Amino acid sequence: MDTSLWSQFNETAILNCYPRCNKTIVRCPLTNKLLQGPVVIKTDAGPGRLAKEATSWEFRERMHSRGLIIMLGLPNGTSATQEMDQGYTDFKQESKKSTLRAASIKLAARNAAQN
2 MDTSLWSQFN
12 ETAILNCYPR
22 CNKTIVRCPL
32 TNKLLQGPVV
42 IKTDAGPGRL
52 AKEATSWEFR
62 ERMHSRGLII
72 MLGLPNGTSA
82 TQEMDQGYTD
92 FKQESKKSTL
102 RAASIKLAAR
112 NAAQN
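In the numbering used here, the protein residues as written are 2 to 116.
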């Protein structure tokens, strides 16, 4: 998908599907139900959505002012794998710490047994 098609898709299809899309949240004063609010789209940063392009930044700012927040993820990634990668980062660090702790305890016990 190229840049112009991506822009056109968001401006015509997405914004038309969410007519109450707004930058700020508006609630009913009586029922506190959501009347208007932002819509978040998470997409990969593939061709046409690259953050390096100046037109992409301008387009994303224009969409944000209309209430459509576009979040860029990893290139060629799905939303599921992107979320899992983010969650796995913390797990991997803690798992490495735990492995090092366990290995040093076993090494210390082995050294103590040999002496």
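Just so it is clear, CB atoms sit at the ideal spot from N, CA and C, and this is done for glycine as well. The structure presented is a predicted model; accordingly, all values stated were derived computationally and were not measured.
Counting C-beta atoms within 10 angstroms of its own C-beta, Phe60 has 16 or more neighbours from the protein chains shown and is therefore classed as buried.
Contact between the region 17-36 and the region 62-71 is present, with at least three C-beta pairs closer than 8 angstroms. Straight through space, the alpha carbons of Leu101 and Phe92 are spaced by roughly 14 angstroms.
Asn112 is classed as exposed because its beta carbon has fewer than 16 other beta carbons within 10 Å across all chains shown. At the C-beta level, Tyr19 and Val40 come within 8 angstroms of one another. Gly74 is bridged by DSSP to Asp45.
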